[in-house]
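Below is one structure; the comments refer to it alone.
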Amino acid sequence: MKERGRMEQLWAHEKYRVMFHSQKHYNEIREVLKGAASYETVERLIMEAIKVSPTKGSMMNAIDHMWGYFRNCSDEDEKAEYRRLKEHLLEGEVEAEALLYFLAVLSKKYHEQYLLNSSIMESYI
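At position 49 of the sequence shown (counting the first as 1) the number is 49 in the UniProt record's numbering, and the numbers step up by one without a gap.
What follows is the structure, given as structure tokens:
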């Protein structure tokens, strides 16, 4: 596989984990990918990003983006559960892992392969 294809595969695999940790790095990597970046550069930026401690805002941003895959196909109970878990996360009553697990369950149910292949879901599937 050519280097560009390898970079795109790597980015598809890591982008939600990067977003979860650092919106700044996420934006930087997107810009780098628009140019003639090397695989090593993209990989280095990803590794830098995941060393950043996630904030409540960065976690919710990534989780909201992933929820977008289910916004239209989920049933009312699933939508209510997402809202409940999100509220509890924002109030500090649950960890982000509860929402990630819930999204992994939905990913399996609705066969959302892109999310199932994402590194952020690896612990939950």
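Beta carbons are placed, not taken as given, at the ideal position from N, Cα and C, and that holds for glycine.
Margin query: Here's the rule: buried if 16 or more other CB atoms are within 10 angstroms of the residue's CB, otherwise exposed. What is R17?
Written below: Taking the first residue of the sequence shown as 1, we reach residue 17 at position 17. Flag for R17 reads buried.
Check: How big is the Cα-Cα spacing for A104 and M121?
Finding: To locate residue 104, count along the sequence shown from 1; it is residue 104. To locate residue 121, count along the sequence shown from 1; it is residue 121. Answer to the nearest angstrom: the Cα atoms are 6 angstroms apart.
Note to self: Please classify K15 as buried or exposed, where buried requires at least 16 neighbouring CB atoms within 10 angstroms.
What the structure shows: In the sequence shown, counting from the first residue as 1, residue 15 sits at position 15. Buried, since its Cβ has 16 or more Cβ neighbours within 10 Å.
Check: Is F102 helix, strand or coil when you go by DSSP?
Finding: Locating residue 102 in the sequence shown gives position 102, counting from the first residue. F102 falls in the helix class under three-state DSSP.
Note to self: Within 10 Å of its beta-carbon, does M1 have 16 or more other beta-carbons around it, so buried, or fewer, so exposed?
What the structure shows: The residue you call residue 1 lines up with position 1 of the sequence shown. M1 comes out exposed.
Check: Do three or more CB pairs link the stretch 35 to 47 to the stretch 58 to 75 at distances below 8 angstroms?
Finding: no
Notebook entry, point to check: Hey, would you say L89 sits closer than 8 angstroms to L99, going by beta carbons?
Noted result: Sequence index remark: in the sequence shown, residue 89 carries index 89 (1-based). Sequence index remark: in the sequence shown, residue 99 carries index 99 (1-based). The answer is yes: Cβ separation under 8 angstroms.
Check: Between the C-alpha atoms of E87 and T41, what's the straight-line distance to the nearest angstrom?
Finding: Here residue 87 refers to the residue found at position 87 when the sequence shown is read from its first residue. Here residue 41 refers to the residue found at position 41 when the sequence shown is read from its first residue. One C-alpha to the other measures close to 37 angstroms.
Margin query: Is the beta carbon of L85 closer than 8 angstroms to that of V94?
Written below: By 1-based counting over the sequence shown, the position of residue 94 is 94. By 1-based counting over the sequence shown, the position of residue 85 is 85. It is a contact, given that the beta carbons lie within the stated cut-off.
Next item on the list: Starting from F20, follow the alpha helix (DSSP H) in both directions and report where the run begins and ends.
Entry: Position 20 of the sequence shown, counting from 1, holds the residue named residue 20. Where F20 is concerned, the enclosing alpha helix (DSSP H) stretches over 3 to 21.
Checklist line | For residue 197, the first and last residue of its enclosing alpha helix (DSSP H) | finding: With the chain covering only 1 through 125, there is no way to say anything about residue 197.
Check: Does DSSP classify E95 as helix, strand or coil?
Finding: Along the sequence shown, read from residue 1 onward, the residue named residue 95 stands at position 95. Of the three classes helix, strand and coil, the one that applies to E95 here is coil, per DSSP.
Notebook entry, point to check: If you draw a straight line from the C-alpha of E112 to the C-alpha of E97, how long is it?
Noted result: In the sequence shown, residue 112 corresponds to position 112, counting from 1. In the sequence shown, residue 97 corresponds to position 97, counting from 1. So the two alpha carbons sit approximately 19 angstroms from each other.
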